[in-house]
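Participant:
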Amino acid sequence: MTGARMSTLARLRRDIGHIEGDAGEALPRAPLGHAEADATLQGGLAKGAVHEVFAEGRQSAAATGFIAGLAQRVIARRPLLWVRQDFSERENGALSMSGWRELGLDPRLLVTVRAPDVETALQVTADALACDALGGVVMEIWGETRQFDLVASRKLTLAARGSGVTGLLLRVAAAPSPSTAETRWIVRAARSPPAAPWQAWGAPVLDAHLVRNRHGQTGRWIMEWNCDECLFRDVPFHGAEAHPQPVAAAPADRSHQAPVVMPNITPWRRTG
Amino acid sequence: MAKQNNALQISALDDVAARLGLDVGVPLANARAICPDIEVFDADEPADARTLNDIADWCDRFTPLVALDPPHGLFLDISGCAHLFGGEAVMLKTICDALIRQGFIVNAAIAGTPVCARTLTRYRSGCIVRDGEEAAAVQALPVFTLGADDAITRGLRRAGLKTIGDVASRERHEITARFGASFTALLEQALGQGDAPISPRKPLPDYMVEKRFPEPVATDGVIAAALSGLAQTLIAVMERHGKGARLLDASFFRTDGAVRTIAVETGQPVTRVEVIERLFRERLDALADPLDPGFGFDLIRLSASRTDGVVEMQRDLDATIHDNDELSALIDRIAARIGGRRVVVHLPQETHIPERAMLAVSAQHHLASAALAAWPARVEAEPPLRPLRLFERPEPIEVLADFPHGPPAGFRWRRMFHRIALVEGPERIAMEWWNRPVPQQALEWDDDFARVHPPQGEIAVETIDERKLTRDYFRAEDNEGARYWLYREGIHRREVRTFRWFLHGLFA
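Residue numbers (my numbering), protein chains in the order written: chain R, 911 to 1182; chain H, 2 to 509.
(1) Excluding the 5 residues preceding and the 5 following D403 of chain H in the sequence, name in chain order all residues of the same chain whose CB lies nearer than 8 angstroms to its CB.
(2) Pairing CB atoms from the segment 1036-1043 of chain R with CB atoms from the segment 380-400 of chain H, are three or more of them under 8 angstroms?
(3) Alpha carbons only, please: which of R:M916, R:R1143, R:T974, R:L955 is nearest the one belonging to R1098 of chain R?
(4) Is the CB-CB distance between V1121 of chain R and I1096 of chain R below 8 angstroms?
(5) Can you pull out the residues from the segment 984-1012 of chain R whose beta carbon lies closer than 7 angstroms to at least one beta carbon of chain H?
(6) I'd like the list of long-range same chain contacts for I354 of chain H, defined as Cβ closer than 8 angstroms, with 5 residues on each side in sequence excluded.
(7) How far does the beta strand (DSSP E) with T1022 of chain R in it extend, from its first residue to its last?
(8) Quick one, which of H:L188, H:I199, H:E278, H:E266 has its alpha-carbon nearest S229 of chain H's?
(9) Strictly under 8 angstroms for the Cβ-Cβ distance: is F392 of chain H near chain R by that measure?
(10) Measuring only the C-alpha atoms, how far is V362 of chain H from L348 of chain H?
(11) Compare the C-beta of C884 of chain R with all C-beta atoms of chain H and state if any pair is closer than 8 angstroms.
(12) Is it buried or exposed for L21 of chain H, if we count other Cβ within 10 angstroms and need 16 for buried?
(13) Note down the Cα distance separating V265 of chain H from L285 of chain H, rounded to an integer number of angstroms.
(14) How big is the Cα-Cα spacing for R420 of chain H and L401 of chain H?
(15) For H242 of chain H, count neighbouring C-beta atoms within 10 Å of its own C-beta (all shown protein chains included) and say buried if the count is 16 or more, exposed if not.
(16) Measuring CA to CA, which of H:V238, H:E240, H:G268, H:P294 is closest to S252 of chain H?
(17) What do you get for L1079 of chain R, buried or exposed, if any count of 16 or more other CB atoms within 10 angstroms of its CB means buried?
(18) Out of R:G1126, R:T1128, R:V1145, which one is the CA nearest neighbour of W1135 of chain R?
(19) When the Cβ atoms of the segment 55-72 of chain H are set against those of the segment 106-114 of chain H, are three or more pairs found closer than 8 angstroms?
(20) Could you pull out every residue in the same chain whose Cβ sits closer than 7 angstroms to the Cβ of A940 of chain R, ignoring the five residues on either side in sequence?
(21) Taking Cβ-Cβ distances shorter than 9 angstroms, what residues in chain H pair up with P941 of chain R?
(22) Residues of chain H with CB closer than 8 angstroms to the CB of W1111 of chain R, please, in chain order.
(23) Alpha carbons only, please: which of R:E1012, R:G1014, R:T1128, R:R1124 is nearest the one belonging to G927 of chain R?
(24) Applying a beta-carbon distance threshold of less than 8 angstroms, which residues of chain R neighbour I332 of chain H?
(25) For D925 of chain R, is the classification buried or exposed, using 16 other Cβ atoms within 10 angstroms of its Cβ as the cut-off for buried?
(26) Please identify, using Cβ separations under 8 angstroms, the residues of the segment 1080-1101 of chain R that lie next to chain H, in order along the chain.
(27) Using CA atoms only, rank isn't needed, just tell me which of H:T499, H:T352, H:L248 is closest to W435 of chain H.
(28) Can a CB atom of chain R be found closer than 8 angstroms to the CB of W376 of chain H?
(29) I'd like to know if the segment 139-158 of chain H and the segment 186-203 of chain H are in contact, where contact means that at least 3 CB-CB pairs between them fall below 8 angstroms.
(30) Can you have a look at C60 of chain H and say buried or exposed, based on whether 16 or more other CB atoms are within 10 angstroms of its CB?
(31) Express the C-alpha separation of G81 of chain H and L205 of chain H in angstroms, rounding to a whole number.
(32) Just checking, does the segment 177-191 of chain H make contact with the segment 214-223 of chain H on the three C-beta pairs under 8 angstroms criterion?
(33) Between the segment 1047-1062 of chain R and the segment 1075-1091 of chain R, do at least 3 Cβ pairs fall closer than 8 angstroms?
(34) Would you identify the three-state DSSP class for V1121 of chain R, choosing helix, strand or coil?
(35) Which residues in the same chain as A1031 of chain R place their Cβ atom closer than 7 angstroms to its Cβ, once the five residues preceding and following it in sequence are excluded?
(36) Could you spell out the range, first to last residue, of the beta strand (DSSP E) harbouring D309 of chain H?
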């Protein structure tokens, strides 16, 4: 491609960006804590934008944990509105505040809206995204829906941009479709890293696949939610032999460094 | 026509039938004998009651104090209202004319006590009695107009007391001895000597403003403008008393008599017009059956049914949690749209039973207390011991174990088999015996026998209720990394013979 054509392309992209009022580069970001993911996201998850998390029906809890973690990172001690469809609760279980607390999150900041259907959920979410008293809004809907099209998605994006509230969409048992989301993730649970029998296991370990990123590259990481520090971490002892499940190839443009973690002394697990 | 005492009797009839000599209470067979070609319909009492209620709704436009007097009467307390409609006579005529236009036959009267007015409607419709003249007005009326039991009316007639004046001339104690104290009270009220308050259908709102339209309005824009004007007036009145509205009712009176009332509730007392406007807009937009103006509304009323004092409070320093004016406004809007019970916050509960550990309560009412709730702290450096998603009803699963009563090795849930790679447990959660209803057998327990022969080994515990069994919980991770919370129900040979397994929650 010649230089002239490249510059034309760049100019056109910039123009379109202007028309769309795109401020993707300038959005404030909330670091996730996972170094590689933060680097790919150019500093963290963009606030005042909409992010989508997709999961298979069986992986709903992992995706819920992931989105709860993302929400915790972006809300900065402000209230979180969780809008969920009735059917989703029947299918995946209700959010349990004991479990919420155990992830290191604060149930006092959570307000739940039980929407009877997708349409109501969308209306409430759009309204809530425009309210800057909130730190974030999670919309949880189950299955494929006609109602959530590009227009609805754009409405949410504009509302989020106007107020600076972050929108997180949890789509369980749905296939990704075109939307105006800033990032799109596909999340599944990953196995706990091997550990000594007496050591604690079962912290949320997630296989997070960033499949779309409007302002950067994509990637796939195995990350762990650290319940004490409330951030995502690389999984210690994580290696190919420990995780025989498929892991995406390392990005071609930089060498993939397997984290070398010294097996430092892990505190013995308390009993009782 | 309705069935009474096992016979079909006339329960209501029109003027033409009355002229033929028929009357209420005449058996249908007799009526047919008098006039073979009468048209007969079944009495529909619920429909009559509904119609009466609708008329009462319509009467709300004259006074907020309307009481039902079944089967076919209404009391309107017009104290202080009459001048708004051009005086008592004009008001009476307006009400009667409007009802007659709608096809009803109306008898109405105005008097100092409701019973006196009702007595007058039965004989001297359209009569207005001044205070203190009740006795004179009802003097000449026959006793049936009092509306007492048939037995009493018959008894009075037999005693030769034909008019109310006759009855009133007797000593009260004689009447009481013969017909009961309640009849004496009725008589005194009819004579204006005692008063009984009416019981209005709806409680009186704290504040109420209304707008009448000479020309009925039907367009959304005009209705919204009218509501906003009313909201301004209402806010201005409440502001003077330092009040804010918690529950607002907008009533739309249609020209054809139908009335629709729409209520909006708020978490914080509302003191701003824009908030009221917005709440009603949300509510009207989200109505399942939209507001139908028909031929238009001729009266719109806005009332504050519940109000709270508004205190200008100093903002808390910990503003992120407590200062939530905007959040509560958002919650009010969502609640107006989808219902208050659908917006919830969570409160911790003092219990070990996982599904009862939290209580979802209305965010409108409990936002402040939820922000201050004390949740149990988590144990540092432990993985989550409670699942993030909990099923309201634990789902039954089939479990494979390596050895009996051992931890599960695999399970089938929703037709999928999961092989367990890691498992930890059991964590025993016993049901709360102190909340257990005392079983019947325990009452019959022979204490003396138990003292002499202390039970050896394990005591047989009755399984009282399925839900009260002890549970042994396991945290399990399957081959793919999904984490589950499973439990085994019951203690073997003490509570149950065979275990049942359930999946109760999913870990992130």
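Yeah, the Cβ is synthetic: ideal placement off N, Cα and C, and Gly gets one too.
Facilitator: Result, derived from the coordinates:
(1) The beta carbon of D403 of chain H is closer than 8 angstroms to those of A410 in its chain, skipping five residues each way along the sequence.
(2) Not touching, per the Cβ criterion.
(3) It is R:T974 whose Cα lies nearest to the Cα of R1098 of chain R.
(4) Contact: yes.
(5) Cβ proximity to chain H below 7 angstroms picks out R987, R988, P989, N1002, G1003, A1004, L1005, S1006, M1007, S1008, G1009, W1010, R1011, E1012 from the segment 984-1012 of chain R.
(6) Here the set comprises I430, M432, E433.
(7) Here the beta strand (DSSP E) through T1022 of chain R covers 1020-1025.
(8) Measuring from the Cα of S229 of chain H, the nearest candidate turns out to be H:E278.
(9) Answer yes: the Cβ-Cβ gap between F392 of chain H and chain R drops below 8 angstroms somewhere.
(10) So the two alpha carbons sit approximately 7 angstroms from each other.
(11) The question about residue 884 of chain R has no answer here: the residues shown for chain R are numbered 911 through 1182.
(12) Per the 10 Å Cβ criterion, exposed.
(13) Each residue's alpha carbon lies about 10 angstroms from the other.
(14) Near 9 angstroms, if we compare the C-alpha coordinates of L401 of chain H and R420 of chain H.
(15) Exposed, by the Cβ-count rule.
(16) Of the listed residues, the one whose Cα sits closest to S252 of chain H is H:P294.
(17) The Cβ neighbour count for L1079 of chain R, taken over all protein chains shown within 10 Å, is at least 16; the residue is labelled buried.
(18) Comparing Cα-Cα distances from W1135 of chain R to each of R:G1126, R:T1128, R:V1145, the minimum goes to R:V1145.
(19) As far as the Cβ criterion goes, the segment 55-72 of chain H does not touch the segment 106-114 of chain H, which means the pair count is below three.
(20) Within the same chain, A940 of chain R has close Cβ partners G954, L955, K957, R983, V984.
(21) Chain-order list of chain H residues neighbouring P941 of chain R: empty, with the shortest C-beta distance near 20 angstroms, by a criterion of under 9 angstroms.
(22) Residues of chain H whose Cβ lies closer than 8 angstroms to the Cβ of W1111 of chain R are, in chain order, P384, L423, E425, E478.
(23) Checking every option, the nearest Cα to that of G927 of chain R belongs to R:R1124.
(24) Chain R residues near I332 of chain H: V1021.
(25) Around the beta-carbon of D925 of chain R, fewer than 16 other beta-carbon atoms lie within 10 Å, marking it exposed.
(26) If the cut-off is 8 angstroms between Cβ atoms, the segment 1080-1101 of chain R has R1098, A1099, A1100, R1101 near chain H.
(27) For the residues H:T499, H:T352, H:L248, the minimum Cα distance to W435 of chain H belongs to H:T352.
(28) Closer than 8 angstroms: yes.
(29) Judged by Cβ distances under 8 angstroms, the segment 139-158 of chain H makes contact with the segment 186-203 of chain H, as three or more pairs qualify.
(30) A residue is called buried when at least 16 other Cβ atoms come within 10 angstroms of its Cβ; C60 of chain H meets this threshold and is buried.
(31) Taking the Cα positions, L205 of chain H is about 14 angstroms away from G81 of chain H.
(32) Under the 8 angstroms Cβ criterion, the segment 177-191 of chain H does not count as touching the segment 214-223 of chain H, having fewer than three qualifying pairs.
(33) In this structure the segment 1047-1062 of chain R touches the segment 1075-1091 of chain R; the number of beta carbon pairs closer than 8 angstroms is three or more.
(34) Of the three classes helix, strand and coil, the one that applies to V1121 of chain R here is strand, per DSSP.
(35) Closer than 7 angstroms at the Cβ level, and outside the excluded window around A1031 of chain R, lie V993, Q995, A1025, M1049, I1051.
(36) For D309 of chain H, the enclosing beta strand (DSSP E) stretches over residues 298-310.
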